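Okay, so here's the structure we're looking at.
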Amino acid sequence: MIVSIGTKNPAKIKAVEHAFMEVLKNKTFLSFDVPSGVSEQPFSDEETIKGAVNRAEWAKERGKADIGIGLEGGVVKSDLGLFLCNWGALSDGTAAPIIAGGARILLPDEVGKRVLDGEELGHVMDDFCQAKDIRKSQGAVGIFSDGLVTRDAMFHHIMKLLIGQYLYKQKS
Ligand SMILES: O=P(O)(O)OP(=O)(O)OP(=O)(O)OC[C@H]1O[C@@H](n2cnc3c(O)ncnc32)[C@H](O)[C@@H]1O
Ligand SMILES: [Mg+2]
């Protein structure tokens, strides 16, 4: 069975591969840098979900795969400030794609304000941490949870929710 992943980001790929290998053996993994079809910095749950679904569908098609996976990060405005949000989608070509959301945390005001002013979170985080490509390693969630929940661990949980729903659907 071929699983095609709609990203080249190693934190996302690691999460997908590990989650599948835990429950379903004998998978072949492909990954493609597909477009999300939404803005580089999604600003709502709806837009972030749309990005994840687009990535899943394009990845499936691009890899001529049995399953396409899309993972997308975004932010959500609230009265308390800007929350980090993350969504995943699994497309097996039948009916609507399966979706699942990840844990969310409030971004510190100095980070949230820069994102609200139009900067991409990825750039703000690199500047904030004086590091390169935080989004490809522990991510904002890893930094602000003191390394306890890294970006790939957060996406790994989303992947288990996607694969679990997929397996449940196969049985019913
Ligand atoms: O290569 P792709 O798959 O596009 O991976 P990405 O790291 O750019 O991640 P997303 O497109 O899913 O995320 C949308 C934006 O939010 C940023 N972002 C989301 N979550 C983040 C995190 O945990 N740490 C740093 N930046 C994050 C990211 O850099 C993008 O600017
Ligand atoms: Mg991106």
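Here the numbering used here is used: the first residue of the sequence shown is -13, the next is one more, and so on. Each residue gets a CB set at the ideal place from its N, CA and C atoms; glycine is no exception. Just so we're clear, the structure is a prediction, and the values are computed from it rather than from any experiment.
| What is the rounded straight-line gap between the Cα of Gly(-8) and the Cα of Leu66? | 32 Å
| Is there contact between the segment -2 to 7 and the segment 22 to 35, where contact requires at least three CB pairs shorter than 8 Å? | no
| said: Only counting the same chain, and skipping five residues up and downstream in sequence, which positions put a Cβ closer than 6 Å to that of Lys(-2)? | reply: Leu57 and Phe141
| task | For the beta strand (DSSP E) holding Ala75, just list the boundary residues, first then last. | result | Gly67 to Ser77
| ligand 1 heavy atom lying under 6 Å from the CB of Ile(-1) | no
| message | Rounded to the nearest angstrom, what separates Lys(-6) and Trp44 at their Cα positions? | response | 14 Å
| task | State the Cα-Cα distance for the pair Leu68 and Gly108, rounded to the nearest angstrom. | result | 14 Å
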